[in-house]
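Asker: Just so you know, the sequences run in chain order A and B. For the first sequence, counting from 1, position 24 maps to 30 in this note's numbering; every step adds exactly one. For the second sequence, counting from 1, position 360 maps to 1132 in this note's numbering; every step adds exactly one.
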Amino acid sequence: MTFAGFERQDARTIWNFFRMLLRDRFMGSRLGAAWSVANPLLLLSIYTFVFAFIFKSRLPGSEPGLSYTIWLISGLGPWLAVAESLTSAANSIHGNAGIVKNLAIKAECLPIAAAMSGLIPLAVSFSFLVVLLIADGWAPSWHVLAIVPAGLALFGFVTGLGIALSALVTFFRDLGVALPSVLIIILFSTPILYPVTAVPRALQMLAELNPFYIAGQWIRVPLLDHALPPVWGLVWISVLAGATFWGSLLAFRRVKGYLPSAV
Amino acid sequence: MTDTAYAIIAQSLRKLLPLERASLFWVWLGRARDVPCLEVLKGVDLKVAKGEMIGVLGHNGAGKTTLLRTLAGIYPADSGSVAVNGDVGALFELGGFGNRHLTGRAFVRKYFLLFEVQKEQRVRLMREVEEFAELGDYFDQKILTYSTGMTARLYFAAATVIEREIYLIDEILSVGDEYFQAKSWSRLRERLAGGAAGILVTHDWSAVLKLCRTARILEDGEIVREGTADEVVRDYLKLPIPEPNGAEIIAEKSFSAVSGAPMHLEFDVVLHKDIEVEVSLSIEHLQFGAGWEIVLLNEYSSVASTRGCYRLRVELDRTPLSAGNYLVNIFLASPADPLTGQRETLHTRSWTYGNGLTMQVTGEERPDLTPFMTRWQQVAS
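1. Mind checking the segment 843 to 863 of chain B against chain A and listing, in chain order, the residues whose C-beta falls within less than 7 Å of any C-beta there?
2. Does the segment 129 to 141 of chain A come into contact with the segment 187 to 203 of chain A, if we say contact requires no fewer than three beta-carbon pairs (one atom in each stretch) closer than 8 Å?
3. Alpha carbon to alpha carbon, how far is residue 92/A from residue 104/A?
4. Report, in whole angstroms, the separation of the C-beta atoms of residue 821/B and residue 779/B, which I expect to be a contact under 8 Å.
5. Apply the 10 Å Cβ neighbour rule to residue 1153/B and answer buried if 16 or more other Cβ atoms are within range, or exposed otherwise.
6. For the segment 827 to 902 of chain B, list the beta strand (DSSP E) runs that are entirely contained and at least 3 residues long, ordered along the chain.
7. Just by C-beta distance, which residues in the segment 882 to 915 of chain B are closer than 9 Å to chain A?
8. Can you give me the Cβ contacts of residue 106/A inside the same chain, cut-off strictly under 8 Å, excluding the 5 residues immediately before and after it?
9. Using C-beta distances below 6 Å, list every residue in its chain close to residue 862/B, excluding the 5 sequence neighbours before and after it, in chain order.
10. When DSSP labels each residue in this structure, what does residue 198/A get in the three-state scheme?
11. Can you tell me whether DSSP reads residue 66/A as helix, strand or coil?
12. Ordered along the chain, which non-local residues of its own chain (more than five positions away) have a Cβ less than 6 Å from that of residue 87/A?
13. Would you please verify whether the beta carbon of residue 1150/B is less than 7 Å from any beta carbon of chain A?
14. When you compare the segment 1026 to 1036 of chain B with the segment 1124 to 1136 of chain B, are there three or more beta-carbon pairs, one atom per stretch, that lie closer than 8 Å?
15. Any Cβ of chain B within less than 7 Å of the Cβ of residue 108/A?
16. Need the endpoints of the alpha helix (DSSP H) that residue 173/A sits in, please.
17. Output the residue ranges of the beta strand (DSSP E) runs that lie fully inside the segment 953 to 1014 of chain B and measure 3 residues or longer, sorted by chain position.
18. Under three-state DSSP, which class holds residue 108/A?
19. Scan the segment 177 to 206 of chain A for residues whose Cβ lies nearer than 8 Å to a Cβ of chain B and list them as they occur along the chain.
20. Cβ of residue 934/B within 7 Å of Cβ of residue 110/A?
21. Please list, in chain order, the chain B residues whose beta carbon lies closer than 8 Å to that of residue 266/A.
22. In its own chain, which residues sit with a C-beta less than 7 Å from the C-beta of residue 193/A, not counting the 5 before and 5 after it?
23. Under 8 Å Cβ to Cβ from residue 1034/B, same chain only, skipping five residues before and after it: list those, please.
24. Roughly how many whole angstroms lie between the Cα atoms of residue 864/B and residue 943/B?
25. Is the Cβ of residue 26/A closer than 7 Å to any Cβ of chain B?
26. Using a C-beta to C-beta distance shorter than 7 Å, which residues of chain B count as neighbours of residue 30/A?
27. Using a C-beta to C-beta distance shorter than 7 Å, which residues of chain B count as neighbours of residue 173/A?
28. What are the start and end residues of the alpha helix (DSSP H) that includes residue 817/B?
29. To which residues of the same chain is residue 1124/B closer than 7 Å at the C-beta, ignoring the five residues directly before and after it?
30. Between 907/B, 924/B, 784/B and 984/B, which has its C-alpha nearest residue 994/B's C-alpha?
31. Looking only at its own chain, which residues have a Cβ that is under 8 Å from the Cβ of residue 167/A, when we skip the five neighbours before and after it?
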């Protein structure tokens, strides 16, 4: 059984790479795996502190405090996962030159496995979020199920970008260096830390097409408002995810043969 | 032989390597099909029979590593074909997967993960690596605290713990101290005695003699020579046949002796001028794929110092060699300088120059006699 040029055994390869990347990432630091949990928590804390307590940001019609914090984290958590996935996937070929050069592998498995590493900050921030929600007296509704298709579309989109970046970083090393800044720019230009209504009217339509915003909405709205955002958004990001994933994979496979000698 | 008798068949193998990375961007975009490349392999034909280990000798840049990577399926061939019949153990850039922050044990665990070692085998194999590498407590320390030799031991132990049918080996046998090298050699021989096939690419000709029956020379991406290991090594070394320098060895091409019986080797030395000459002689045994040993070697001893022809005779009460073919090398030199200990070579007859002598020993197999390698082989079978 094959799918998009992947065979069944590639799933195991991806899984093995995923485990390997996780082990490698936090080896050499004294606290090891504890960092993978501590990192997102620290980031969530600092953003919450700055936005909720220094800037005293609040949502239109609500008080600053717990509800804003919950709103913030429900958007920021998935973003941390996206940032982790993209960074990790972008460096997955170049950073694992030893494997690419010395092992006959299906190279595209590496960025895919690396993109999965976003699942760790995602799980951490969701757990944190659920604790806060319960403290706020929250109960889930059936709408939370919408998170699944939205999450999958987001994952497909991010993985596609990651596959593209992983090849590009091997040709242009500078990209890997520039990526963290690019991610910060995307974060602040996407209505994640502020509501879309705060965006200047002229740019609002553009912001509403931003796949990161839409995916964020499809996670945030079902959770907090017990409702669903417009369905066209989900369709749009699913199409975008499919196209990005497929296109990147195609481009990646064109240069794949050169990668072991280029890293 | 039918194709199934081969472990590796490569036909008209061509491999191009890109010269600049940035130009690959256009290929990635689909706007270009080719990029500026260097043709590293220019149509290599290579067949390795099952159970055979061949040597590929070449200087730096000849394409040796590219050849192995292409055979291993890491580099796709640009044209030509590769067929590999069996599971491959690639022993090159050992530890390339590494991360020096890992402990020895964690490195091996990663290695097992990458090679998808079955869960039930991991404990046993891990113990084998631990025992073979002999790192003691360091096995649970980070690799970056290791010495070069310790790192090499860990990597070699991990890379060879899984038995394979085909080994692709790149210059790895010069790792560690002499004790560990001997251990590595015996592990490789063990693997080969088990019927494994493979290729050893190296510029170390003595390694080829120790491990391979036949060899090739790879030069500028092409196989330019093919033959038995000693012939190929001689061509690879391309040592100029030494001209007599005041003194000359005159000898039949071949000697003979009977195992256990008295041995007489006779040859003449001509002194073309008044010059002090000393002689040394060695008998070597070359057993392809198993070893290359100097079995007899004498000290330099004085011949003469005035012009003339002298007959030299080497006598032993008992030929301490079991039946087989041996190589005889004779060296003429001036006496050692008392200060530097150096000698001036006057004439040499040695197989490495292609002007060597041979000796055929006949008689019954005598397990109490050299060469030792033969005995080793009998035990293994």
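Backbone N, C-alpha and C fix where the C-beta goes; we use that ideal spot for every residue, glycine too.
Answerer: Let me spell this out:
1. 844, 845, 846, 847, 848 and 862
2. no
3. 21 Å
4. 7 Å
5. Below a pLDDT of 50, predicted positions are generally treated as unreliable, and residue 1153/B, at 36, falls in that range; no measurement from the model is reported.
6. 851 to 856 and 860 to 863
7. 882, 885, 886, 887, 888 and 914
8. 99, 113, 116, 265, 266 and 269
9. 844 and 940
10. coil
11. coil
12. 124, 127 and 128
13. With a pLDDT of only 35 at residue 1150/B, under the threshold of 50, the placement of this residue in the model should not be trusted; the figure read from the coordinates follows. No - not a single Cβ of chain A is within 7 Å of the one on residue 1150/B.
14. yes
15. yes
16. 153 to 177
17. 969 to 974, 986 to 991 and 994 to 1000
18. helix
19. 177 and 178
20. no
21. 841, 846 and 847
22. 85
23. 1087, 1088, 1089, 1090 and 1091
24. 7 Å
25. yes
26. 871
27. 800
28. No alpha helix (DSSP H) holds residue 817/B; the beta strand (DSSP E) holding it covers 809 to 821.
29. 1006, 1009 and 1011
30. 784/B
31. 92, 95, 250 and 254
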